[in-house]
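Engineer: Residue numbers (our numbering), protein chains in the order written: chain S, 282 to 1164; chain X, 10 to 120.
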Amino acid sequence: MHWLRRLFRKEQSEKQLDAELRFHIERQVSDYVAKGLVPQEARRRAQLDFGGLEPIKQETRESRRGHLLETLFQDLRYASRMLRKNLGFTIAAAITLALGIGANTAIFSIVNASILRPLPYKDSARIVSLSTHTAMYPTFSLGLSWIDFQQIRSQASSVEQSAAYDESEKTLTEKGSPAILSIANVSDGFFEELGANAQQGRLLTEQDSKPDQNHVIVLSDPLWRSRFGAEPSVLGRSVVLNKETYTIVGVASRGFDFPEKSEAWLPLSLSPADQQNHIFFMLQVLAKLRPGQKIEKLKAELDTIAQRTMKDVPALSAGYSFSSVPLLEDRVGDTRSAYLILLGAATLVLLISCANLASLLLARGSGRQREMALRAALGASRSRLLRQGLVESCLLALIGGGLGVFLAAEGVQLFRAIAPANTPRLNEISIDSSLLWSSLLTSLVAGILFGLVPARRAARMDPNDALKEGSGTNLGAARSTRQSSLGDALVTVEVALAFVLLVGSALMTLTVSRLLHQNPGFRTDHLLTFDLPQPPFDQSGDLSAQAKKQSEQFKGIVEKIRLVPGVSAVTASDHGVLSGMTMMHGGLKIDGAIPPSSKEERHASARYVYPSYFQILGIPLVRGREFTERDSGDAQGVVLVNEAMAREYWGTIEVLGKRISMSTDDKGKPVWDEVIGVVADAREIDLRDVPSPVYFLSILQGGNGSVHLLVRTLTDPDALEAAISREIWSAYPDQPITHVATLSRTISKSIGNERLRSILLVVFAGIGFALALVGLYGVISYSVARRVQEIGIRMALGASPPSVLVMVLRQGLVPVAFGIVFGALAAFGLGRLIASQLYGVKPTDPATFLGATALVLIVACLACLIPARRAMRVDPMVALRYE
Amino acid sequence: MAQEKSEFLKGTLDMLVLKIVALGPIHGYAISQRIQQISKEFFQVPQGSLYPALHRLEDRGWLSADWRESETGRDAKFYTLTRKGRKQLETELVYWERLSDAVALILRTAE
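(1) Quick check on V112 of chain X: buried or exposed, where buried means 16 or more other Cβ atoms within 10 Å of its Cβ?
(2) Taking 8 Å as the CB-CB limit, is R308 of chain S close to chain X?
(3) Three-state secondary structure (DSSP) at T933 of chain S?
(4) Do R888 of chain S and V975 of chain S have their C-beta atoms closer together than 8 Å?
(5) Is there contact between the stretch 486 to 501 of chain S and the stretch 1053 to 1065 of chain S, where contact requires at least three CB pairs shorter than 8 Å?
(6) Using DSSP bridges, identify the partner residues of T1023 of chain S.
(7) Is T377 of chain S close to chain X? Criterion is C-beta to C-beta, closer than 8 Å.
(8) How would you call S15 of chain X, buried or exposed, if buried means at least 16 neighbouring beta carbons within 10 angstroms?
(9) Just to confirm before moving on: does the CB-CB distance between I560 of chain S and I529 of chain S stay below 8 Å?
(10) Which residues in the same chain as D502 of chain S place their Cβ atom closer than 8 Å to its Cβ, once the five residues preceding and following it in sequence are excluded?
(11) List the residues of chain X that S311 of chain S touches, going by C-beta distances under 8 Å, in chain order.
(12) Curious, which full-length beta strand (DSSP E) runs of at least 3 residues does the stretch 590 to 633 of chain S contain?
(13) In this structure, how does DSSP classify W71 of chain X when only helix, strand and coil are distinguished?
(14) Using 8 Å as the limit for Cβ to Cβ distance, is G33 of chain X near chain S?
(15) For L623 of chain S and I388 of chain S, I'd like the C-alpha separation in whole angstroms.
(16) Answer with yes or no whether the minimum CB distance from A85 of chain X to chain S is below 8 Å.
(17) With which residues is W546 of chain S paired in a DSSP beta bridge?
(18) Residues of chain X with a CB under 7 Å from the CB of S340 of chain S: which are they?
(19) Is F87 of chain X helix, strand or coil by DSSP?
(20) If we count the other Cβ atoms within 10 Å of its Cβ and call it buried at 16 or more, is R407 of chain S buried or exposed?
(21) Given a threshold of 16 other Cβ atoms within 10 Å of its Cβ, counted over all protein chains shown, does Q442 of chain S qualify as buried or as exposed?
(22) Is G94 of chain X close to chain S? Criterion is C-beta to C-beta, closer than 8 Å.
(23) What are the boundary residues of the alpha helix (DSSP H) that G692 of chain S is part of?
(24) Spatial neighbours of I966 of chain S within its chain, please: CB distance less than 6 Å, with the 5 preceding and 5 following residues excluded, ordered by chain position.
(25) Are the beta-carbon atoms of A678 of chain S and L641 of chain S separated by less than 8 Å?
(26) In its own chain, which residues sit with a C-beta less than 8 Å from the C-beta of S1025 of chain S, not counting the 5 before and 5 after it?
(27) Could you list which residues in chain S have their beta carbon closer than 8 Å to that of R65 of chain X, in chain order?
(28) Expressed to the nearest angstrom, what Euclidean distance is found between the alpha-carbon atoms of F696 of chain S and A689 of chain S?
(29) Out of S:Q917, S:G949, S:V956, state which residue places its alpha-carbon closest to the alpha-carbon of E935 of chain S.
(30) Quick one: grab the DSSP three-state call for D447 of chain S.
(31) Between the Cα of E1035 of chain S and those of S:Q831, S:P892, S:I729, S:A787, spot the shortest distance and give me the residue it belongs to.
(32) Quick one: give me the first and last residue of the beta strand (DSSP E) that S390 of chain S is part of.
(33) Could you name each continuous alpha helix (DSSP H) segment of 4 residues or more that falls completely within the stretch 989 to 1075 of chain S, going from the start of the chain to the end?
(34) By how many angstroms is the C-alpha of L1143 of chain S removed from the C-alpha of C635 of chain S?
(35) Return no unless some Cβ of chain X is closer than 8 Å to the Cβ of Y728 of chain S.
(36) Mapping the DSSP letters down to three states, classify A437 of chain S as helix, strand or coil.
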């Protein structure tokens, strides 16, 4: 390791090298003197023989190992000194790179964690999720029936394992306040297929599905810890869920959460009637393909099963099919395209920051020509100069990259904090170490790439020219033209990319504002909403008696809530407002209906509502009356329709007294309900929907067991939540209460994804735009600085300051204008890609394009103005004296 | 002149230097004089090659160096062949002989 030692004894070895070489020369001199030359001539000859002392020293140093390391230290020291000396440049370049790397790393972390990384289940890549499609509801993906599930299990040879589950919410009533749990009811084979283990007790088995043994429950790790104090003694204890008692048999291992956010698992046990019902499309089915088996094989087998069903079951005679989607795709859903847009935007930011870095380095490289020339003249070899330049830009890149990784880590934290709760795989999102390294590597590559051009230029330069050139006028003119055209090209690229980002973010922001500010057709303030799940009817008992009892209890609850101070009115519907849930009906019998306008089967959504629903939601009643408490039980069946329904089926809104039938009685005769009112169209199911036909039935005359309450409050609705649940539980201690929310919160949640995307896009566009402007400013002010003499001469020859201003502005705005044109073309072409994410605005919205153009032009003018003013103030005398 | 360095020449120079140093401790100037004399002025060893070569050989442990008084009374850096260096010299000589034999054979046979 003596080279290492020498590294630290450098000074001494330098002295020795010098002495050794000087000795050589001295000996040569004395030899020449001995041959009879006069001392002066002898010295001259000897030195001529020897050649340049410095280059030989350099080559001798380089012949030793450890030399590379040694000079690397030197280069690093030198580079950090240079970076410190030009602090402004260093900060600008590092921040430029940090923003590009940071934005990219953060978004890539998010994308990687949510749509690229395999799901954390055993052989998750082979698991597919199945669904049913029928002619009656062509636009819906339905679950599978038990019959189909069993057929697939027994007949699809490409499937190794399969399991079914459905999700529900149940209220846990135990000592303390009741809690609402997300429950999955799972068939046998569920845990095996996903590779789940128990950390306490056991998971569910086939035995647990038997009707008399199915009251067992497996807890999730978070539930076990929060509710049961992580005590192993919970095994064997019983808990009450929706008034039924279950025995705890196990706790799933930490981190197992399928379906997402499940808190406990129960055995799936369907009634014999449900098992036999071929249109009971309620099961989610996961099928795991055999190793090496293609999904196409499964699709073919599913088609065969569907064909047979269509032949055997008259109700499902046409358009019956199954679809299979890889589990990851199913989980990620349409977030995928949104994420890809964000990834694209982050990439644009990275490209802009690279272009910016390149123009910064380029400008600085030419500013340092004299320094480089001087070093070359003093004996620095070309390779050394090249390496020096590279070391400097790599150091810069690493600083920027490190800063970028820090930004990315913060950004990911921020994303997790503000992302909507329904973002897929939200808690799996983090920066992973491999990504971290690849980010640093990316910045290093950027440093080498963008450091190489100026460094090579510096190394290739002839020191004679550069030194003679002085401050850079005549001789440098050709080179500086070339450089400024490269700078202009970089500005064009930056502006074009920033323009695309601006247009994208503007479109997304418009989407959010359209969604937020469009009239939903109902009042959204001061409304507290929640669900009151009802136990299913006992099919063997007297159904109408049970319905009557439930409706009585329901009236009782409504009365209780009315008494809570701060509540002004109460109503209810079967499905939540803006839940996106609705019951669709085709094949309605309509009294006096006009023929359909298209060949497709007509559909209408049904909603069961409680009296004063429309009054409380503020949906105008256009004709007739709304339900009252007398529209209950055995009274004449009544129905309200919205305007869209009236126009679709009757072509007019004068439809009072018309009749609709959606069911038949025991003898097969249709049961008719009479239209008693028409209401205005409202977007109560989904804000994005265009109004579609909806009819309303009295929840007191039927309903489907699901009850969603809407409470109009006089004060802050959130504050009343506790009081209302206390009041309900005081009379009905085991009544589950779920999905408590205020309507305004539901609305902002329902556009949470759009809002998040638009925020991120705006941030990216802002960064990209700012970087492009900094780049433009840098290029212009650099060129003004180089042209001080030229401008001075022009002014001495009579050019007026305004004409100088115009000249500088024109020089700056030409590449900007090109950038806008290219950017507009690109944005126009890319518009298709984001069309699916937009609402109420076209991807080619002319106002958006014009606005972006105006913004870029105005701000670009401002960026040019600062250096242009400097150019106007040039004093010809001072500028010329410079020469 | 310093630019005319092929790999072959470089190897040859190393061998010649080792051979000269093998005769006894010697400094750089004397080495260049000796090579010039013995080769009857055929080899002009450029300083730009000699000193890098000396330092490279020292770096590899084939030569050792110390400062001692020279014939003129000034201190000079004297190089001595190490044991490792002697082995290297033998290897190179054997290789050189085989190489020149082979070249000579080819030249003779090809006539």
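Where is the CB? At the ideal position from N, CA and C, for every residue including glycine.
Structural biologist: Looking at the atomic coordinates:
(1) For this step, residue 112 of chain X is matched to residue 103 along the second sequence. Per the 10 Å Cβ criterion, exposed.
(2) The count along the first sequence starts at 1 and reaches residue 308 of chain S at position 27. So yes, R308 of chain S belongs to the interface.
(3) The residue you call residue 933 of chain S lines up with position 652 of the first sequence. Three-state result, T933 of chain S: coil.
(4) Within the first sequence, numbered from 1, the residue matching residue 888 of chain S stands at position 607. Within the first sequence, numbered from 1, the residue matching residue 975 of chain S stands at position 694. Yes.
(5) Here the stretch 486 to 501 of chain S does not lie against the stretch 1053 to 1065 of chain S, with fewer than 3 beta-carbon pairs under 8 Å apart.
(6) By one-based count along the first sequence, residue 1023 of chain S stands at place 742. Paired residue(s): S:L809.
(7) By one-based count along the first sequence, residue 377 of chain S stands at place 96. No, no contact with chain X.
(8) Here residue 15 of chain X refers to the residue found at position 6 of the second sequence. Caution applies to S15 of chain X, whose pLDDT of 37 falls short of 50 and renders its modelled position unreliable; the value that the coordinates give is listed next. The residue is exposed, with fewer than 16 neighbouring Cβ atoms inside 10 Å.
(9) If you number the first sequence from 1, residue 560 of chain S lands on position 279. If you number the first sequence from 1, residue 529 of chain S lands on position 248. Not in contact: I560 of chain S and I529 of chain S (Cβ atoms no closer than 8 Å).
(10) Locating residue 502 of chain S in the first sequence gives position 221, where the first residue counts as 1. Result list for D502 of chain S: Q480, V532, A533, S534, R535, G536, F537, in chain order.
(11) Here residue 311 of chain S is taken as the residue at index 30 of the first sequence, counted from 1. Residues of chain X passing the Cβ test: T81.
(12) Within the stretch 590 to 633 of chain S, the runs of beta strand (DSSP E) at least 3 residues long that lie entirely inside it are, in chain order, 602 to 607.
(13) Walking along the second sequence from the start, residue 71 of chain X turns up at place 62. For W71 of chain X, the secondary structure class from DSSP, reduced to helix, strand or coil, is coil.
(14) To locate residue 33 of chain X, count along the second sequence from 1; it is residue 24. So no, G33 of chain X is outside the interface.
(15) If you number the first sequence from 1, residue 623 of chain S lands on position 342. If you number the first sequence from 1, residue 388 of chain S lands on position 107. Going from the Cα of L623 of chain S to the Cα of I388 of chain S covers about 7 Å.
(16) Within the second sequence, the letter at position 76 stands for residue 85 of chain X. Answer yes: the Cβ-Cβ gap between A85 of chain X and chain S drops below 8 Å somewhere.
(17) Walking along the first sequence from the start, residue 546 of chain S turns up at place 265. S:A465, S:V499, per the DSSP bridge assignment.
(18) Indexing the first sequence from 1 puts residue 340 of chain S at position 59. According to the sequence shown, residue 340 of chain S is Glu rather than Ser. Chain X residues near E340 of chain S: G57, P61.
(19) Residue numbering aside, residue 87 of chain X sits at position 78 when the second sequence is read from its first letter. Note: F87 of chain X maps to strand in three-state DSSP.
(20) Against the first sequence, residue 407 of chain S aligns to sequence position 126. Counting Cβ neighbours within 10 Å, R407 of chain S comes out buried, since at least 16 surround it.
(21) Within the first sequence, residue 442 of chain S is the residue found at index 161, counting from 1. When all chains shown are included, Q442 of chain S counts as buried.
(22) Taking the first residue of the second sequence as 1, we reach residue 94 of chain X at position 85. Not an interface residue.
(23) If you number the first sequence from 1, residue 692 of chain S lands on position 411. Unbroken alpha helix (DSSP H) run through G692 of chain S: 663 to 699.
(24) Your numbering for residue 966 of chain S matches position 685 in the first sequence. Closer than 6 Å at the Cβ level, and outside the excluded window around I966 of chain S, lie T863.
(25) Looking up residue 678 of chain S in the first sequence gives position 397. Looking up residue 641 of chain S in the first sequence gives position 360. No, the pair does not count as a contact, with Cβ atoms beyond the cut-off.
(26) As a working note, residue 1025 of chain S is residue 744 in the first sequence. Excluding positions up to five away in sequence, the list reads T805, D806, L808.
(27) In the second sequence, counting from the first residue as 1, residue 65 of chain X sits at position 56. Under the 8 Å cutoff, chain S gives S344, R345.
(28) Sequence index remark: in the first sequence, residue 696 of chain S carries index 415 (1-based). Sequence index remark: in the first sequence, residue 689 of chain S carries index 408 (1-based). The straight-line gap from Cα to Cα measures roughly 10 Å.
(29) As a position in the first sequence, residue 935 of chain S is number 654, starting the count at 1. With distances taken between CA atoms, E935 of chain S lies nearest to S:V956 out of S:Q917, S:G949, S:V956.
(30) Here residue 447 of chain S refers to the residue found at position 166 of the first sequence. D447 of chain S falls in the strand class under three-state DSSP.
(31) Position 754 of the first sequence, counting from 1, holds the residue named residue 1035 of chain S. That would be S:A787, whose Cα lies nearest to the Cα of E1035 of chain S.
(32) Translated into positions along the first sequence, residue 390 of chain S becomes position 109. No beta strand (DSSP E) holds S390 of chain S; the alpha helix (DSSP H) holding it covers 368 to 392.
(33) 1002 to 1012, 1024 to 1031, 1033 to 1067
(34) As a working mapping, residue 635 of chain S is identified with position 354 in the first sequence. As a working mapping, residue 1143 of chain S is identified with position 862 in the first sequence. Counting only the Cα atoms, L1143 of chain S lies some 23 Å from C635 of chain S.
(35) For the purposes of this step, residue 728 of chain S is identified with residue 447 of the first sequence, where counting begins at 1. The sequence given here places Gly at residue 728 of chain S; Tyr does not occur at that position. Cβ-Cβ to chain X under 8 Å: no for G728 of chain S.
(36) Start at 1 with the first residue of the first sequence, and residue 437 of chain S comes out as number 156. Note: A437 of chain S maps to coil in three-state DSSP.
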